[in-house]
Amino acid sequence: MKEFLTDQLKTQEYFLNMGPQHPATHGVLRLLLKLDGEIVRNVDMDLGYIHRSIEKMCERASYKQIIHLTDRLDYLSAHMNNEAVCLLAEKALNIEVNDRIKIVRTIMDELTRISSHVLWWGVTGMDIGAITTFMYGFRERELINDIFEETCGTRLTMNYNVIGGLRYDIHENFVKRTKDVLKHLKKKLPEYDKLLTNNIIFQKRLMNVGVISGEDAIAYGLNGPTARGSGVSCDIRKTHPYSAYDMVDFEEAIFTEGDSFARYKVRIKEMWESISIIEQLIDKIPNDEYKVKTKAVIKLPVGDYLQRVEASRGDFGVYVKSNGQKFPERLKFRSPGFANLTALNKMAYGLKIADLVAILSTIDVVVPDIDR
Amino acid sequence: MILNIFTDIHELLLGLMPENIVHITELVLIAVAYLGIFAILGLFLVWLERRIAAFFQFRLGPNRVGPMGLFQTVADALKLVSKELTGTEKADKFLYKIAPYFVITTALMSLSLIPFSYEIHAFDINIGLFFLTSVSSVGVLGIFLAGWASNNKYSLIGGMRTGIQMISYELSVGMAIVTMVVLAGTLQISEIVEIQKDGWLIYQGHIPAIIAFMIFMIAGTAESNRTPFDLVEAESELGAGFHTEYSGMNFAYYFLAEFVNLFLISSVAVILFFGGWLSPFGITDTIPFAGLFWFVIKVLGVIFIFMWFRWTFPRFRIDQLLTLEWKFLLPINMVNIVLMALMVWLGLTL
């Protein structure tokens with residue numbers, strides 16, 4: 512019988528083309544899976560489906576224009592991306608911004624982080640199969656987006672930062688609305704735990720799935736919440752404080768398990784930390800100018816410049832090589848998603864397709880950030 | 007009176023044609039009536055699911071077409087009927103086309119066994135429950151064939167998962183039913199309901215019956231491919247799973263059959279545990295056709311629980327699904343049958 516089975520019924524590994532149009536790949540990521548039944552044997556990542564050569568475009572754009580292009584990288588942390596370019600130019604030109612600008616920028620950063628994380632929470636729930644979470648995530652995100660809309664007119668690609676300050680002053684309702692949203696979030700985040708975090712099915716789906724050790728995380732260059740789930744301390748807000756992060760007291764969310772559930776917990780904790788950061792700052796906004804006067808045409812002095820910020824997905828870096836002209840000679844974005852995605856094969860090897868989806872979800876890829 | 011409506015129709019037909027032709031005509035009439043029930047049930051349940059999902063997600067759901075959006079699903083069905091039937095070139099044409107009919111025919115056959123009330127019961131045989139479980143397990147073939155014949159890897163994975171899932175959970179459904187049959191002492195559906203005049207079986211059988219009910223609900227969710235057991239069409243993993251390549255009416259067949267199966271599972275739960283068409287404490291048992299009201303109310307209650315599951319829980323992974331069945335549900339079920347048998351033997355039932 513056994514001989515018959517081995518003779519007649521052969522098994523073979525096969526390839527499955529997951530994406531570029533696939534609900535779990537969050538955009539246009541193409542994964543070429545080598546499968547043994549349902550078990551993942553290899554993941555090949557094929558990028559480039561949304562490549563817009565933004566870095567090259569930046570070489571033909573003035574520094575003020577570059578800010579607008581950074582929105583289109585990781586659109587869920589548009590404000591942080593904008594800020595990176597602004598901080599870089601301000602550092603190069605020695606522009607000192609006042610505390611009002613710093614504090615408003617930081618509050619907006621953290622609001623963006625919360626809005627990005629609630630969306631991530633909803634999408635993760637949906638990837639694991641709980642569709643209702645998607646709507647819950649969007650409910651809270653809408654409230655934050657409303658604040659953005661009132662402040663600067665746009666909800667997603669904000670462009671609120673300009674070199675030397677902010678585009679507009681904050682709206683008179685800003686403080687009140689932000690406090691209302693925080694109150695709402697404090698009520699709803701425990702609800703998130705009830706619905707998803709404490710669900711036994713959800714925990715079983717994420718625990719011990721996609722484990723990556725701290726050493727491997729560093730070796731792969733993981734960053735942001737993905738690396739902090741493996742116990743790697745890498746929060747730019749702590750290591751290289753910018754804007755108003757040196758004025759506030761907050762804890763870096765670190766979990767050491769290295770599995771998908773640890774990454775999940777990191778993000779949930781980050782939302783709480785963001786709420787605490789905003790609460791510390793919201794009453795401290797001083798009355799001051801919202802913008803420092805800058806020249807009409809900005810030319811950075813000759814030299815190399817690097818600015819890193821902690822975007823929602825991790826360490827977002829801008830590197831500029833300037834030759835003293837109004838356009839940069841060479842510009843490079845270091846996006847968090849690209850480094851995080853490289854570890855996918857390592858994490859998913861030997862697991863099931865369903866686990867691959869869970870891992871992809873907890874490293875939280877945004878494809879336009881990876882394909883620049 | 008309304009009670010005589012069936013005899014009236016019978017006599018009217020007898021006046022028009024010879025007796026054997028009357029029998030055939032009546033069979034056709036009943037079949038058409040059940041097809042109608044099938045379609046209305048499917049469409050209504052799709053609407054209900056969408057509304058309930060919407061309320062779980064603080065949306066409104068369909069509320070424009072007709073009163074409370076009731077005709078939205080009718081409009082959707084019309085759209086699906088008018089759509090072109092596309093298919094893959096390399097599909098196994100014969101199996102690909104025949105697969106939806108397996109699902110829909112078995113659902114319809116099972117539906118004929120369901121007693122909507124004392125009066126409305128088309129097919130009452132002495133092996134009723136046995137027939138029901140065996141027919142509904144043929145329906146798996148439809149999903150399995152669809153997954154195989156579509157010549158699409160996503161469909162194939164969906165089909166493989168169906169095979170694994172259905173074979174496993176069929177056991178649990180079957181054994182939960184057997185537990186209740188031990189208590190009821192009959193397989194005939196009408197008799198099972200009549201026994202419950204003194205008290206619903208979940209009350210008569212208390213502890214083992216409650217365990218059996220819980221197992222039945224879990225396994226029933228798996229049987230109807232609903233969250234948390236919707237691995238077959240796991241949207242975030244497989245796109246649409248086994249029906250990825252189906253369009254138009256062929257897709258609608260799967261969609262409707264899924265909801266009719268949900269109704270069937272809920273009906274069996276109501277028949278086995280909650281007294282079928284019987285009213286609570288026999289308050290309206292003498293009124294003709296009142297059973298229909300109670301039956302529908304109870305079934306909707308059970309369906310609501312299934313929908314609640316669906317919009318709350320995340321999905322299992324395939325190995326977790328099998329662990330749950332083979333390592334937990336099945337052993338519990340076996341012990342439960344013995345427990346129930348002992349209770350019946352010792353006369354501990356209420």
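Here the protein sequences come in this chain order: A and B. In terms of our numbering, the first sequence has 698 at position 187, counting the first letter as 1, and numbering is strictly consecutive. In terms of our numbering, the second sequence has 238 at position 232, counting the first letter as 1, and numbering is strictly consecutive. Every residue, glycine too, gets a C-beta built ideally from N, C-alpha and C. None of the values given here were measured: they were computed from a predicted structure.
If you compare the alpha carbons of A:810, A:589, A:522 with that of residue 671 of chain A, the shortest gap goes to A:589. Three or more beta-carbon pairs separated by less than 8 angstroms link the segment 627 to 642 of chain A to the segment 864 to 875 of chain A, which places the two stretches in contact. For residue 82 of chain B, the three-state secondary structure derived from DSSP is helix. When only Cα atoms are considered, residue 869 of chain A and residue 634 of chain A end up about 10 angstroms apart. In this chain, the alpha helix (DSSP H) harbouring residue 186 of chain B covers 159 to 190.
Identification of chain A residues near residue 236 of chain B by a Cβ-Cβ cut-off of 9 angstroms yields 640, ordered along the chain. In the structure shown, the three-state DSSP call for residue 260 of chain B is helix. Closer than 8 angstroms to the CB of residue 265 of chain B there is not a single CB belonging to chain A. In the DSSP assignment, residue 785 of chain A falls within the alpha helix (DSSP H) that extends over 771 to 793. Straight-line measurement puts the Cα of residue 190 of chain B at about 6 angstroms from the Cα of residue 198 of chain B. Shortest Cα-Cα distance from residue 307 of chain B to any of B:54, B:329, B:72, B:166 involves B:54.
The criterion of a C-beta distance shorter than 8 angstroms is satisfied by residue 778 of chain A and residue 628 of chain A. DSSP places residue 816 of chain A within a strand segment (E or B) once states are collapsed to three.
Listed along the chain, the chain A residues whose CB falls inside 8 angstroms of the CB of residue 324 of chain B are 549, 863, 865. The three-state secondary structure of residue 592 of chain A, taken from DSSP, is helix.
Excluding sequence positions up to five before and after residue 241 of chain B, its CB lies less than 7 angstroms from no other CB in the same chain. Residue 836 of chain A counts as exposed, since fewer than 16 other C-beta atoms from the protein chains shown sit within 10 angstroms of its C-beta. Selection B:223, B:347, B:117 evaluated against residue 214 of chain B yields B:347 as nearest (Cα-Cα). Per DSSP, reduced to three states, the secondary structure at residue 556 of chain A is strand. Residue state for residue 44 of chain B is assigned as helix, using DSSP reduced to three classes. The beta-carbon of residue 251 of chain B is placed no less than 8 angstroms from the nearest beta-carbon of chain A. By the rule that beta-carbons nearer than 8 angstroms mark a contact, residue 242 of chain B touches chain A. A straight-line Cα-Cα distance of about 14 angstroms links residue 533 of chain A and residue 877 of chain A. In the three-state reduction of the DSSP assignment, residue 273 of chain B falls in the helix class. In the DSSP assignment, residue 529 of chain A falls within the beta strand (DSSP E) that extends over 525 to 529. Distance from residue 210 of chain B to residue 354 of chain B at the Cβ level is roughly 10 angstroms; contact not present, criterion being Cβ atoms closer than 8 angstroms.
Under the DSSP assignment, residue 222 of chain B falls in the alpha helix (DSSP H) whose first and last residues are 212 to 229.
In the DSSP assignment, residue 288 of chain B forms no beta bridge with any residue. Inclusion of residue 785 of chain A and residue 811 of chain A in the CB contact set at 8 angstroms is not warranted, their separation being larger than that value. Apart from sequence neighbours up to five positions away, the residues of its chain that approach residue 246 of chain B with a beta-carbon distance below 7 angstroms are 239, ordered along the chain. Chain-order list of chain A residues neighbouring residue 62 of chain B: 643, by C-beta distance under 8 angstroms. For residue 847 of chain A, the closest C-alpha among the options A:882, A:720, A:803 is that of A:882.
Straight-line spacing of the CA atoms in residue 175 of chain B and residue 169 of chain B works out to 10 angstroms.
Contact annotation: in the segment 218 to 235 of chain B, residues whose CB is within less than 9 angstroms of a CB in chain A are 233, 234. Rounded to the nearest whole angstrom, the CA to CA distance from residue 678 of chain A to residue 62 of chain B is 40 angstroms. Between residue 712 of chain A and residue 320 of chain B, the gap from beta carbon to beta carbon is short of 8 angstroms.
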